[in-house]
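Let me begin by presenting the structure, written as structure tokens, before commenting on it.
So this is what it looks like as structure tokens:
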């Protein structure tokens with residue numbers, strides 16, 4: 025069985041410089057069997073030969089041919105050369121020749137205008153115009169001699185006049201099926217339309233960030249039978265909240281303008297032809313000032329396409345708040361200390377955001393009066409701390425990843441209890457956190473106690489009477505009512521009465 029693949033529009037007449045393809049079935053196949061497609065003239069002289077086992081021939085010039093498929097055993101090697109005679113090829117299987125016509129393009133607009141001349145108008149006569157495809161299938165019936173917006177394909181226009189009844193004159197019927205009383209059909213006026221046929225495909229990210237640039241890719245393809253000509257225009261009315269940053273693509277020039285409603289219209293043009301079967305791409309860089317879901321599509325026009333404007337597919341993008349760090353700081357310290365002792369404040373910097381920190385993180389701690397800075401250490405990151413008066417400043421350039429933390433240990437000394445209790449708060453800023461002001465920690469309250477000291481007193485007791493010449497006792501009791509034990513020598517003096 026032989027099947028001829030006609031043009032994509034189903035007409036028996038293919039386009040000039042067209043591609044002829046044959047499909048074979050029921051043929052002997054195997055590793056030692058080959059097939060080739062041959063086009064001959066009406067006498068059987070070979071005009072085109074396909075490569076071995078490639079049943080397709082491209083760039084066939086306009087003419088009328090006989091298409092023959094030849095299948096043969098590789099040991100035979102038939103003489104299939106241009107100029108040879110297909111009738112002399114033997115010892116192989118040849119399909120029945122199939123007639124095929126490659127036609128010249130004669131219309132690049134898709135508009136057909138014809139006229140009927142020399143017709144005699146009769147009482148009750150109806151004159152109409154009929155548009156068919158290349159196989160005679162009726163596509164349209166009109167009282168006007170003009171048909172427009174016809175895409176690539178083979179067409180015929182007929183004038184049909186009739187009086188009385190007519191049958192078969194319906195869209196979907198065939199011109200050969202039109203009959204009735206006094207029906208007159210003019211000779212066909214043939215058209216082979218070769219025009220560009222554009223399409224546009226748009227792609228972009230499904231997710232983007234507010235304030236961050238992202239790209240749409242627009243691909244314009246030409247499925248027509250001829251290259252585009254003139255100016256091809258791509259237009260894209262950006263969704264609300266989107267702004268145009270730039271547009272680029274080989275041969276393309278892009279600009280933007282603000283239209284009603286404050287939306288941005290991007291227009292890109294090219295005068296570079298897009299070949300039949302070819303495509304051309306460009307990128308649009310945009311930025312969103314809002315969050316939420318944006319839906320956007322583009323349009324292509326011009327370039328010789330007979331359709332005024334063709335849309336792309338829509339692209340849906342969810343715009344999220346940008347991933348950023350979110351710094352928090354917690355402070356811990358003792359509830360009470362004693363004047364003269366060293367103690368530690370622990371500062372924990374955590375990142376509760378959606379991105380790691382970047383750049384310098386700064387922690388400040390303005391120590392209360394009565395507390396002096398001694399030194400610092402850190403865990404999790406390297407911190408550098410210094411003091412200027414009571415203000416301690418610590419910095420780090422190490423990144424704190426999401427849900428991680430870093431600790432600073434400030435060693436201080438209680439030098440005075442005059443300002444007790446000491447209430448202290450630290451602050452964190454930087455690191456890419458979008459906050460414009462430093463963020464405070466929880467306050468830590470510490471009672472500063474005076475230095476412990478002993479407080480001694482003495483109690484003396486003895487008899488109320490005594491006899492001359494007899495001994496008696498005084499008892500001296502030394503008491504410590506202070507908050508520290510005594511140290512060193514305690515001296516008790518007693519000046520006896522005379």
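Numbering (the working numbering), first residue to last: 25 to 522.
The beta carbon of each residue, even a glycine, is placed where N, CA and C say it ideally should be.
Of the listed residues 235, 278 and 262, nearest to residue 256 (C-alpha basis):
Within the chain shown, the letter at position 232 stands for residue 256. Among 235, 278 and 262, the Cα nearest to that of residue 256 is on 278.
How is residue 510 classed by DSSP in three states: helix, strand or coil?
Counted from its first residue, the chain shown places residue 510 at position 486. The answer is coil: DSSP assigns residue 510 none of H, G, I, E or B.
Out of 206, 349 and 263, point me to the one whose CA is closest to residue 146's CA.
In the chain shown, the residue the question calls residue 146 occupies position 122. With distances taken between CA atoms, residue 146 lies nearest to 206 out of 206, 349 and 263.
Flag this pair as touching only if the stretch 473-493 and the stretch 371-379 have three or more C-beta atom pairs under 8 Å; answer yes or no.
no
Could you name the residues that DSSP lists as bridge partners for residue 413?
The count along the chain shown starts at 1 and reaches residue 413 at position 389. Partner(s): none; residue 413 has no beta bridge.
Output yes or no for whether 9 Å exceeds the beta carbon distance between residue 450 and residue 353.
Mapped onto the chain shown, residue 450 falls at position 426. Mapped onto the chain shown, residue 353 falls at position 329. Yes, the pair counts as a contact, with Cβ atoms nearer than the cut-off.
What do you get for residue 75, buried or exposed, if any count of 16 or more other CB atoms within 10 angstroms of its CB means buried?
Here residue 75 refers to the residue found at position 51 of the chain shown. Per the 10 Å Cβ criterion, exposed.
Inspect the beta-carbon positions of residue 290 and residue 251 and report whether they are closer than 9 Å.
Taking the first residue of the chain shown as 1, we reach residue 290 at position 266. Taking the first residue of the chain shown as 1, we reach residue 251 at position 227. No, Cβ-Cβ distance for residue 290 and residue 251 is not below 9 Å.
At 3 residues or longer, what runs of the beta strand (DSSP E) sit wholly inside the stretch 179-225?
213-217
Looking only at its own chain, which residues have a Cβ that is under 7 Å from the Cβ of residue 410, when we skip the five neighbours before and after it?
On the chain shown, residue 410 is found 386 positions in, with the first residue counted as 1. The answer, listed in chain order, is 417.
Please determine, among 104, 113 and 131, the residue with the shortest C-alpha to C-alpha distance to residue 178.
Counting from one through the chain shown, the residue named residue 178 turns up at place 154. Closest option to residue 178, Cα to Cα, is 131.
Rounded to whole angstroms, what's the CA-CA distance from residue 443 to residue 499? Just pull it up for me.
The residue you call residue 443 lines up with position 419 of the chain shown. The residue you call residue 499 lines up with position 475 of the chain shown. Going from the Cα of residue 443 to the Cα of residue 499 covers about 44 Å.
On a Cα-Cα basis, can you pick out the residue from 81, 101 and 493 that is closest to residue 126?
Counted from its first residue, the chain shown places residue 126 at position 102. Of 81, 101 and 493, the residue nearest in Cα terms is 81.
Please report how far the alpha carbon of residue 387 lies from the alpha carbon of residue 366, in whole angstroms.
Numbered from its first residue, the chain shown carries residue 387 at position 363. Numbered from its first residue, the chain shown carries residue 366 at position 342. Spanning the two alpha carbons is a distance of roughly 21 Å.
Can you name, in chain order, every residue of its own chain whose Cβ lies under 8 Å from the Cβ of residue 436, other than the five neighbours on each side?
Stepping through the chain shown from its first residue, residue 436 is reached at position 412. The residues are 366, 367, 368, 369, 391, 395, 396, 397 and 398.
Cut-off 7 Å between Cβ atoms - residues of its own chain near residue 287, not counting five sequence neighbours on either side:
Against the chain shown, residue 287 aligns to sequence position 263. Hits under 7 Å: 261, 262 and 264.
Backbone secondary structure at residue 104 - three-state DSSP:
The residue given as residue 104 occupies position 80 in the chain shown. In the structure shown, residue 104 sits in coil (DSSP, three-state: anything other than H, G, I, E or B).
In terms of DSSP beta bridges, what is residue 334 paired with?
Your numbering for residue 334 matches position 310 in the chain shown. In DSSP, residue 334 forms a bridge with 324.
Please look up how many angstroms separate the CB atoms of residue 283 and residue 134, rounded, as I've assumed it's under 8 Å.
The count along the chain shown starts at 1 and reaches residue 283 at position 259. The count along the chain shown starts at 1 and reaches residue 134 at position 110. Not really, about 30 Å apart at Cβ, beyond 8 Å.
Does the separation of the CB atoms of residue 447 and residue 469 fall below 9 Å?
Here residue 447 refers to the residue found at position 423 when the chain shown is read from its first residue. Here residue 469 refers to the residue found at position 445 when the chain shown is read from its first residue. Going by C-beta atoms, residue 447 is nearer than 9 Å to residue 469.
Pick from 320, 149 and 202: whose alpha carbon is nearest that of residue 186?
Here residue 186 refers to the residue found at position 162 when the chain shown is read from its first residue. Measuring from the Cα of residue 186, the nearest candidate turns out to be 149.
Proximity test, Cβ basis, 9 Å: residue 169 and chain C
Reference to chain C is not applicable here, since this structure consists of a single protein chain.
Looking at the structure shown, is residue 284 part of a helix, part of a strand, or coil, going by DSSP?
The residue labelled residue 284 in the question sits at position 260 within the chain shown. Three-state DSSP puts residue 284 in a helix.
Buried or exposed for residue 455, going by 16 or more other Cβ atoms inside 10 Å?
Counting from one through the chain shown, the residue named residue 455 turns up at place 431. Classification for residue 455: buried.
Which term fits residue 176, buried or exposed, when burial requires 16 or more other beta carbons within 10 angstroms of its beta carbon?
As a first step, residue 176 is located in the chain shown; it is residue number 152 there, counting from the start. Burial call: buried.
If I follow the unbroken beta strand (DSSP E) through residue 355, where does it start and stop?
The residue labelled residue 355 in the question sits at position 331 within the chain shown. Its beta strand (DSSP E) spans residues 351-356.
With burial defined as no fewer than 16 other Cβ atoms inside 10 Å of the residue's Cβ, what is the status of residue 50: buried or exposed?
Taking the first residue of the chain shown as 1, we reach residue 50 at position 26. Confidence at residue 50 is low in this model, with a pLDDT of 48, below 50, so the placement of that residue should be treated as unreliable; the coordinate-derived value is given next. Burial call: exposed.
DSSP three-state label for residue 390, please.
Looking up residue 390 in the chain shown gives position 366. The answer is strand: DSSP assigns residue 390 an E or B state.
So, with DSSP's three-state summary, where would you put residue 77?
What you label residue 77 is simply residue 53 of the chain shown in a count that begins at 1. Three-state result, residue 77: coil.
Would residue 137 pass as a contact of residue 102 if the rule is Cβ separation under 9 Å?
As a first step, residue 137 must be located in the chain shown, where it is residue number 113. As a first step, residue 102 must be located in the chain shown, where it is residue number 78. No, the pair does not count as a contact, with Cβ atoms beyond the cut-off.
In its own chain, which residues sit with a C-beta less than 6 Å from the C-beta of residue 503, not counting the 5 before and 5 after it?
For the purposes of this step, residue 503 is taken as residue 479 along the chain shown, with counting starting at 1. Contacts found: 481.
DSSP three-state label for residue 110, please.
Here residue 110 refers to the residue found at position 86 of the chain shown. Reduced to three states, the DSSP call for residue 110 is helix.
Within the same chain, show all residues whose beta-carbon is closer than 6 Å to that of residue 174, passing over the 5 residues directly before and after it, in chain order.
Counting from 1 along the chain shown, the entry for residue 174 is found at position 150. Within the same chain, 134 and 217 come within 6 Å of residue 174 by CB-CB distance, once the 5 residues on both sides are set aside.
Under the three-state DSSP convention, the category residue 454 falls into:
Taking the chain shown and counting its residues from 1, one reaches residue 454 at position 430. Here residue 454 sits in strand by DSSP.
Length of the line joining the Cα atoms of residue 242 and residue 460
In the chain shown, residue 242 corresponds to position 218, counting from 1. In the chain shown, residue 460 corresponds to position 436, counting from 1. Whole-angstrom Cα-Cα distance: 39 Å.
Whole beta strand (DSSP E) elements within the stretch 421-488, 3-residue minimum
429-438, 446-448, 450-454, 468-473 and 480-485
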